[in-house]
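Asker:
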Amino acid sequence: MDTVLNLLEPLGLIYDDVGSQILDNVDPGSVTRAWSEGWFMSDFRSAGYVATAYVLFVVFGSMIFKLPFVPKIDPYPLKFLYNMSQMMMCAYMTLEALLVAYRSNYTFLPCQAFDIVNPPVGNILYIFYLSKIWDFWDTIFIVIGKKWNQLSFLHVYHHTTIFLFYWLNSRVNFDGDIYLTIVLNGLIHTVMYTYYFVSMHTKIPAKLANDGKSGTSVPIWWKSVLTMQQMVQFCCMMTQAVYLLATECAQPPKIITQVYLVYIFSLLLLFAQFFVKSYMKPKKKSKKA
Numbered sequence: 001m002d003t004v005l006n007l008l009e010p011l012g013l014i015y016d017d018v019g020s021q022i023l024d025n026v027d028p029g030s031v032t033r034a035w036s037e038g039w040f041m042s043d044f045r046s047a048g049y050v051a052t053a054y055v056l057f058v059v060f061g062s063m064i065f066k067l068p069f070v071p072k073i074d075p076y077p078l079k080f081l082y083n084m085s086q087m088m089m090c091a092y093m094t095l096e097a098l099l100v101a102y103r104s105n106y107t108f109l110p111c112q113a114f115d116i117v118n119p120p121v122g123n124i125l126y127i128f129y130l131s132k133i134w135d136f137w138d139t140i141f142i143v144i145g146k147k148w149n150q151l152s153f154l155h156v157y158h159h160t161t162i163f164l165f166y167w168l169n170s171r172v173n174f175d176g177d178i179y180l181t182i183v184l185n186g187l188i189h190t191v192m193y194t195y196y197f198v199s200m201h202t203k204i205p206a207k208l209a210n211d212g213k214s215g216t217s218v219p220i221w222w223k224s225v226l227t228m229q230q231m232v233q234f235c236c237m238m239t240q241a242v243y244l245l246a247t248e249c250a251q252p253p254k255i256i257t258q259v260y261l262v263y264i265f266s267l268l269l270l271f272a273q274f275f276v277k278s279y280m281k282p283k284k285k286s287k288k289a
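When you number the sequence shown by the UniProt record's numbering, it's gap-free, plus one each residue, and the end is 289.
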């Protein structure tokens, strides 16, 4: 173990420096970051290690499982527990964020109060950040199950960057209007994982199944609805960001909201591209011999 830690130390020092530069640029004078200082996974070294391990798994795990003599692994027992845990965890985070907003007298319009000492949203945002590590199991199931059509740039980009972005939020943007992202994202994922959980044990009628046969494959129309819900979520988040920038709300550094707006827009474009490619372009019919 000591040998591994010694090998990782040079990389850790780089991550320490990168993390310090990020925080110094977005939060000059350490105005807000003191709240979560020293918490588990609050340092960029830890977040960097996790993100690096994830990307390395995608690269090398894919190489290994693409070898013809390596069999795919049926993740059913783990997926059963995983989908159930995600369903409950996402529902909890959504409800807790809504309750925090209610108890804090947040209004419908953005520009909520930001408390840097006792942030009402802070604890649930921290849990939300850590939950993004749990989300990496989506990718693990794809790789060990050899579902290569699901291992897209969008998938890896989304999982990696959302985790790193919420590391930043957990350090300097942990209260006020950030609650909305937990509500929106948590709600979407509650619906998604509930359906996945139910569909694992429910036969879909033939007229709804992708192949026209009674089975458990997720129908295309439902997948398209989930993607549309994701895009609506991004539009709501972007609207909130634009409002915050236009009204000069007394929030954490403006640069965070600016980067957030660009980042969410990139996700919207990628999801829109995926939607058009998957659900709008006609499928090529295979030629009969």
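Ideal Cβ placement from N, Cα and C applies to all residues, glycine included.
Less than 9 Å between the beta carbons of residue 228 and residue 268, yes or no?
Answerer: Result no, Cβ atoms of residue 228 and residue 268 do not sit closer than 9 Å.
Asker: Runs of 3 residues minimum, wholly inside the stretch 30-59: which ones carry the beta strand (DSSP E) assignment?
Answerer: Correct list: empty.
Asker: Are the stretch 176-196 and the stretch 99-114 touching by the rule of at least three beta carbon pairs closer than 8 Å?
Answerer: Segments in contact, yes.
Asker: Distance, Cα to Cα, residue 37 vs residue 44?
Answerer: Cα to Cα, the separation comes out at about 11 Å.
Asker: With C-beta atoms as the reference, is residue 22 less than 9 Å away from residue 168?
Answerer: Closer than 9 Å, so yes.
Asker: If I follow the unbroken alpha helix (DSSP H) through residue 131, where does it start and stop?
Answerer: That run of the alpha helix (DSSP H) goes 122-134.
Asker: CB residue 174 to CB residue 231, shorter than 9 Å?
Answerer: Not a contact, by the Cβ cut-off of 9 Å.
Asker: Got a sec? Which residues, its chain only, sit under 7 Å from residue 41 by beta carbon, not counting five neighbours each side?
Answerer: If we look at residue 41 and ignore the five residues flanking it on each side, its Cβ neighbours are 47 and 130.
Asker: Write down every uninterrupted run of the alpha helix (DSSP H) in the stretch 219-258 whose length is 4 residues or greater and which is fully enclosed by it, in chain order.
Answerer: As far as the stretch 219-258 is concerned, its whole alpha helix (DSSP H) runs of at least 4 residues are 220-247.
Asker: Going by alpha carbons, who is nearest to residue 110 out of 251, 133, 68 and 60?
Answerer: Checked all of 251, 133, 68 and 60; the closest Cα to residue 110 is 251.
Asker: Just the Cα atoms here: how many angstroms apart are residue 233 and residue 240?
Answerer: Spanning the two alpha carbons is a distance of roughly 11 Å.
Asker: Mind checking which residues open and close the alpha helix (DSSP H) that includes residue 197?
Answerer: Looking at the DSSP string, the run of the alpha helix (DSSP H) that includes residue 197 is 179-199.
Asker: Report all residues from its chain with a CB closer than 8 Å to the CB of residue 94; omit the five preceding and five following residues, and keep chain order.
Answerer: So the qualifying residues of the chain are 182, 183, 186, 187 and 190.
Asker: Name the two residues that bound the continuous alpha helix (DSSP H) containing residue 64.
Answerer: Looking at the DSSP string, the run of the alpha helix (DSSP H) that includes residue 64 is 62-65.
Asker: Expressed to the nearest angstrom, what Euclidean distance is found between the alpha-carbon atoms of residue 278 and residue 71?
Answerer: Their Cα atoms are separated by approximately 28 Å.
Asker: Please check the pair residue 144 and residue 75, which I expect to be a contact at CB under 8 Å, by giving their CB distance rounded to whole angstroms.
Answerer: Right, the Cβ-Cβ distance comes to about 6 Å (below 8 Å), so this counts as a contact.
Asker: Whose C-alpha, out of 135, 113 and 192, is nearest the C-alpha of residue 249?
Answerer: The shortest C-alpha separation from residue 249 is found at 113.
Asker: Between residue 139 and residue 154, is the Cβ-Cβ spacing less than 9 Å?
Answerer: Cβ distance not < 9 Å, so residue 139 and residue 154 don't count as in contact.
Asker: Where residue 170 and residue 164 are concerned, what is the direct C-alpha to C-alpha distance, given to the nearest angstrom?
Answerer: One C-alpha to the other measures close to 10 Å.
Asker: Report the rounded CA-to-CA distance for residue 119 versus residue 65, giving the unit in angstroms.
Answerer: Rounded to the nearest angstrom, the two C-alpha atoms are 45 Å apart.
Asker: Distance, Cα to Cα, residue 281 vs residue 275?
Answerer: If you take the alpha carbons of residue 281 and residue 275, they lie about 9 Å apart.
Asker: Can you tell me whether residue 192 is buried or exposed? The criterion is at least 16 other CB atoms within 10 Å of its CB, across all chains shown.
Answerer: That one is buried.
Asker: Give me the Cα-Cα distance between residue 244 and residue 18, rounded to the nearest whole angstrom.
Answerer: Their Cα atoms are separated by approximately 27 Å.
Asker: Beta-carbon separation of residue 128 and residue 166 under 9 Å?
Answerer: For residue 128 and residue 166, yes; Cβs fall inside 9 Å.
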